[in-house]
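Here the structure is laid out as structure tokens; the discussion comes afterwards.
Protein chains: 2
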Amino acid sequence: MRKVHHRHLRRLGDELAAMCGLVGEAMQRASQALLDADLVIAEKVIADDAKIVRARAECEEHAHELLSAHTDLRAVFTVLHAADRLEQMGDLALHIARTTRRRHPAPVLPELLRDTFADLGQLAVTLANTTEQVLRTRDPELTDFLDSCDDIMDDLYRAVSTAVTAADWPHGVAAAVDVALLGQCYERFADHAVSLARRTSVLSGGKLAASA
Amino acid sequence: MRKVHHRHLRRLGDELAAMCGLVGEAMQRASQALLDADLVIAEKVIADDAKIVRARAECEEHAHELLSAHTDLRAVFTVLHAADRLEQMGDLALHIARTTRRRHPAPVLPELLRDTFADLGQLAVTLANTTEQVLRTRDPELTDFLDSCDDIMDDLYRAVSTAVTAADWPHGVAAAVDVALLGQCYERFADHAVSLARRTSVLSGGKLAASA
Chain A
1 MRKVHHRHLR
11 RLGDELAAMC
21 GLVGEAMQRA
31 SQALLDADLV
41 IAEKVIADDA
51 KIVRARAECE
61 EHAHELLSAH
71 TDLRAVFTVL
81 HAADRLEQMG
91 DLALHIARTT
101 RRRHPAPVLP
111 ELLRDTFADL
121 GQLAVTLANT
131 TEQVLRTRDP
141 ELTDFLDSCD
151 DIMDDLYRAV
161 STAVTAADWP
171 HGVAAAVDVA
181 LLGQCYERFA
191 DHAVSLARRT
201 SVLSGGKLAA
211 SA
Chain B
1 MRKVHHRHLR
11 RLGDELAAMC
21 GLVGEAMQRA
31 SQALLDADLV
41 IAEKVIADDA
51 KIVRARAECE
61 EHAHELLSAH
71 TDLRAVFTVL
81 HAADRLEQMG
91 DLALHIARTT
101 RRRHPAPVLP
111 ELLRDTFADL
121 GQLAVTLANT
131 TEQVLRTRDP
141 ELTDFLDSCD
151 DIMDDLYRAV
161 STAVTAADWP
171 HGVAAAVDVA
181 LLGQCYERFA
191 DHAVSLARRT
201 SVLSGGKLAA
211 SA
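Below, the structure written as structure tokens:
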């Protein structure tokens with residue numbers, strides 16, 4: 001039994017290494033496309049991203065097969081995935097605070113975008129609170145609400161991007177860069193929240209409840 | 001046995017929810033600090049990030065305790081963590097390719113920064129290739145090499161940030177925002193690679209090998 005296990009683990013390791021090869025190739029091509037403004041290579045990277053997503057799905061499926069005799073443990077995996085994403089969400093809040101500190105006493109935000117960032121901040125907090133509810137109640141309907149919050153977040157982030165790259169942006173380059181990176185923090189915060197909530201809610205409706 | 005297990009899982013879920021509460025609070029405060037340029041609140045977020053990092057470590061420790069009877073399975077967790085990070089690395093290559101496509105046929109990069117981005121691209125590919133080697137060989141010495149690559153990456157990213165926010169940046173705001181976001185892609189790519197390689201190499205030197 002243990003030998004089989006280690007052989008399977010080695011296969012998983014090989015799958016991961018192959019996936020890493022795909023990622024390295026994607027990065028090599030993306031960088032080449034960027035340097036040469038090469039549309040054909042850029043399109044190839046974009047089309048081939050599906051291979052990386054599929055490789056991840058297969059790797060997870062095989063990992064779950066190894067756990068088929070340990071249904072309860074899949075929940076532990078989900079916990080570790082969630083903890084990893086939560087720490088990354090914390091890092092995004094940290095980045096926002098550090099940017100604020102770096103520019104202090106000057107405000108980072110121009111008055112023009114203050115309301116948009118107030119909305120982004122409120123939405124991020126709603127996402128975090130709803131994710132906390134998902135973790136506590138495992139209510140799958142809450143993930144639909146999170147999806148709609150994520151859509152609004154994407155719209156707000158687009159509005160920020162449009163504002164800072166508009167021809168009449170009056171606040172200079174450094175402010176534009178700060179604001180664009182801050183906007184992206186909120187967008188990524190939402191992506192992490194949706195990813196972890198989706199996995200957690202699938203778990204409750206599916207495997208774990210069925211084995212209870 | 002199973003009952004104990006579910007009680008422990010519920011405790012893990014509660015820990016995660018509490019961690020999510022900390023993250024939500026951090027985001028609420030960071031956003032408030034950003035909106036009001038409030039240094040005291042920003043400092044609080046920065047100081048309190050250690051709580052989130054500690055909560056994640058405790059959550060992982062408790063998850064590993066649940067697996068104490070299944071030492072081999074910890075390797076499966078590491079695989080799933082690695083797959084998650086690899087997919088995020090793929091997303092970063094995708095972002096670079098999409099930015100290239102969006103600006104085509106204009107180059108995204110001003111000539112001034114072309115060499116720096118050539119270095120960033122080469123370093124990212126080296127990081128991916130070395131990570132692949134770590135996954136294949138589990139050689140812990142390779143992680144030291146990855147750390148030094150990550151340091152160089154940070155320096156290059158700082159050089160990009162400095163260039164785009166310099167008073168004499170001649171290429172306009174939109175180019176500066178693109179370039180800053182692209183530079184950040186490379187920096188995050190390196191962070192993910194180091195995170196997954198470190199976990200994978202710890203595994204080989206420690207728990208898994210000991211149980212073999």
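Heads up: the protein sequence lines correspond to chains A and B, in order.
Taking full-length UniProt numbering, the leading residue of the first sequence gets 1, the next gets one more, and so forth.
Taking full-length UniProt numbering, the leading residue of the second sequence gets 1, the next gets one more, and so forth.
Cβ coordinates follow ideal geometry from the N, Cα and C atoms, glycine included.
Since the structure is predicted, the reported quantities are computational estimates derived from the model, not experimental observations.
From the DSSP output, in three-state form, read off residue i for me.
| i | result |
| --- | --- |
| VAL45 of chain B | helix |
| ALA209 of chain A | For ALA209 of chain A, the predicted model reports a pLDDT of 29, less than 50, meaning its position is unreliable and no value from the coordinates is stated. |
| HIS8 of chain B | helix |
| HIS192 of chain B | helix |
| ARG114 of chain A | helix |
| ARG199 of chain A | helix |
| ASP168 of chain A | coil |
| ARG101 of chain A | helix |
| ARG136 of chain A | helix |
Rounding to the nearest angstrom, what Cα-Cα distance links residue i and residue j in this structure?
| i | j | result |
| --- | --- | --- |
| ARG98 of chain B | ILE46 of chain A | 7 angstroms |
| ARG101 of chain A | GLU187 of chain A | 21 angstroms |
| LYS207 of chain B | HIS6 of chain A | With a pLDDT of 35 at LYS207 of chain B, under the threshold of 50, the modelled position of that residue is not reliable, and the figure given next carries that caveat. Rounded to the nearest angstrom, the two C-alpha atoms are 13 angstroms apart. |
| ALA75 of chain B | ILE152 of chain A | 38 angstroms |
| THR116 of chain A | VAL23 of chain A | 35 angstroms |
| ASP178 of chain B | ALA69 of chain A | 49 angstroms |
| VAL194 of chain B | VAL125 of chain B | 13 angstroms |
| ARG11 of chain A | MET27 of chain A | 24 angstroms |
| PRO107 of chain B | ALA33 of chain A | 9 angstroms |
| LEU113 of chain A | LEU35 of chain B | 10 angstroms |
| HIS192 of chain A | LEU16 of chain A | 22 angstroms |
| VAL202 of chain B | ARG136 of chain A | 32 angstroms |
| ALA37 of chain A | PRO105 of chain B | 7 angstroms |
| ALA176 of chain B | ALA63 of chain A | 42 angstroms |
| ALA118 of chain A | ALA93 of chain B | 31 angstroms |
| THR130 of chain B | LEU66 of chain A | 27 angstroms |
| VAL53 of chain B | ARG138 of chain A | 24 angstroms |
| ARG158 of chain B | LEU73 of chain A | 42 angstroms |
| LYS44 of chain A | GLN122 of chain B | 19 angstroms |
| HIS95 of chain A | SER31 of chain B | 11 angstroms |
| GLU61 of chain B | PHE77 of chain B | 13 angstroms |
| ASP48 of chain B | LEU182 of chain A | 20 angstroms |
| CYS20 of chain B | ALA128 of chain A | 6 angstroms |
| ASP168 of chain B | TRP169 of chain A | 17 angstroms |
First and last residue of the alpha helix (DSSP H) that includes residue i?
| i | result |
| --- | --- |
| VAL108 of chain A | Neither: VAL108 of chain A is in no alpha helix (DSSP H) and is coded neither H nor E. |
| ALA163 of chain A | 141-165 |
Residues of chain E with CB closer than 7 angstroms to the CB of residue i, please, in chain order.
| i | result |
| --- | --- |
| THR165 of chain A | Looking at the structure shown, chain E is missing, and the protein chains on hand are A and B. |
Measure from the alpha carbon of residue i to the alpha carbon of each residue in the options, then state which is nearest.
| i | options | result |
| --- | --- | --- |
| MET89 of chain B | B:LEU34, B:VAL179, B:CYS185 and B:VAL160 | B:CYS185 |
| VAL160 of chain A | A:PRO140, A:VAL202, A:PRO110 and A:ARG138 | A:PRO110 |
| GLU141 of chain A | A:ALA197, A:ALA55 and A:LEU181 | A:ALA197 |
| ASP155 of chain A | A:ALA190, A:ILE96, A:LEU92 and A:ASP14 | A:ALA190 |
| LEU9 of chain B | A:GLU43, A:VAL79 and A:ILE96 | A:VAL79 |
| CYS59 of chain A | A:HIS95, A:LEU182 and A:ALA18 | A:ALA18 |
| THR165 of chain B | A:ALA166, A:ALA167, A:THR162 and A:HIS171 | A:HIS171 |
| ASP14 of chain B | A:ASP84, A:GLU132, A:SER31 and A:LEU127 | A:GLU132 |
| LEU120 of chain B | A:GLY21, A:CYS20 and A:ARG29 | A:ARG29 |
| GLU87 of chain B | A:CYS149, A:LEU182, A:ALA55 and A:GLU61 | A:ALA55 |
| residue 218 of chain B | B:ILE41, B:VAL40 and B:GLU25 | Here chain B comprises residues numbered 1 to 212, so residue 218 of chain B is not present and cannot be evaluated. |
| LEU39 of chain B | A:ARG103, A:TRP169, A:ILE41 and A:LEU146 | A:ARG103 |
List, from N- to C-terminal side, the alpha helix (DSSP H) runs of 4 residues or more that fit wholly inside the UniProt domain "PhoU" (18-99) of chain B.
You should have 39-66.
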